[in-house]
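Numbering (our numbering), first residue to last: 927 to 1203. The beta carbon of each residue, even a glycine, is placed where N, CA and C say it ideally should be.
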Ligand SMILES: C[S@@+](CC[C@H](N)C(=O)[O-])C[C@H]1O[C@@H](n2cnc3c(N)ncnc32)[C@H](O)[C@@H]1O
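Okay, structure coming up:
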């Protein structure tokens, strides 16, 4: 096995500052992770030092090298039905509260943004919760969930809607319920009808002028801001509010809850907020 290329302090700072300024991800205490995750990229591209590699990343006007770098450095860990109490809350309380006595119309116009969707288990879990509650055939035929991430590699997996056997167990009885098919090799393939209700797009959450014309009923941004510093989190939560309809719901990860006082929102329950409109 070949030796790891060394990453000295100035090289590490150069990488950490670039990633922080472009993507908000705080790597300042993650030198070992950066060195480990980028070593393979460095070697496969033939660079002998991190400085040489960074010259190429910064000089690449297409942004391709930078995208490849953040693909390696972002943590895409996720799983089906993570923090499932939020999914119950969405279908049992949040959406019915928004729809009032116009449930049919409400359902047909529902729009949910899953910001930082990683490899797709979260948006598919949201759709399964909706289908369980309201019936798959009653869901509108167009994409209800917009799922975005910065990692092209993660988005490729998400859009393919195929998961390795190790995921089948955590997905529970979705196969029995018809939301996915277990292939002979154990691979889990999401039902095409379900998958057609999610649209995957690459979007950097650091750009705050999000290009959406219509507001969302709910935004899920869970286990993403954990990698951001506090000013970035506050700015992002404020930006989300502009893209939530009045009374719309914001779901954060349980470990990154912002407490009970968040400007412009009503605290509903741990990590769930409602836009004051
Ligand atoms: C740990 S995963 C969380 C996935 C899912 N939301 C969940 O709770 O299981 C964090 C995701 O945030 C994405 N991410 C990090 N910084 C981002 C940014 N600036 N813009 C968009 N996505 C970002 C990463 O690529 C990664 O896929």
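The Cβ atoms of residue 1114 and residue 1082 lie no closer than 7 Å to each other. A straight line joining the alpha-carbon of residue 935 with that of residue 1180 spans about 33 Å. When distances are taken from the beta-carbon of residue 1093 to the heavy atoms of ligand 1, even the shortest one reaches 6 Å or more. In this structure, the C-beta of residue 974 stays at least 6 Å away from each heavy atom of ligand 1. Here residue 1040 is bridged, per DSSP, to 1073 and 1146. Rounded to the nearest angstrom, the Cβ distance from residue 1084 to residue 1046 is 3 Å, consistent with a contact under 8 Å. Counting only runs of 4 or more residues that sit fully inside the segment 983–1007, the alpha helix (DSSP H) segments are 990–999, in chain order. If you draw a straight line from the Cα of residue 1119 to the Cα of residue 1029, it comes to about 22 Å. Within the chosen limit of 6 Å, ligand 1 reaches the beta carbon of residue 1048 through at least one heavy atom.
Taking 6 Å as the cut-off, the C-beta of residue 963 does not count as close to any heavy atom of ligand 1. The bridge partners DSSP lists for residue 1192 are 1200. In this model, residue 1059 and residue 973 are separated by some 53 Å (Cα to Cα). Taken through DSSP and simplified to helix, strand or coil, residue 1124 comes out as strand.
For residue 1108, the pairing in a beta bridge is given by DSSP as 1114. Take the alpha-carbon of residue 1165 and the one of residue 1010: they are about 25 Å apart. Non-local C-beta neighbours of residue 1100 in its own chain, meaning closer than 7 Å and more than five positions away in sequence, comprise 1054 and 1106, ordered along the chain. Closest in C-alpha terms to residue 977, from the list 1124, 961, 1174 and 1136, comes 961.
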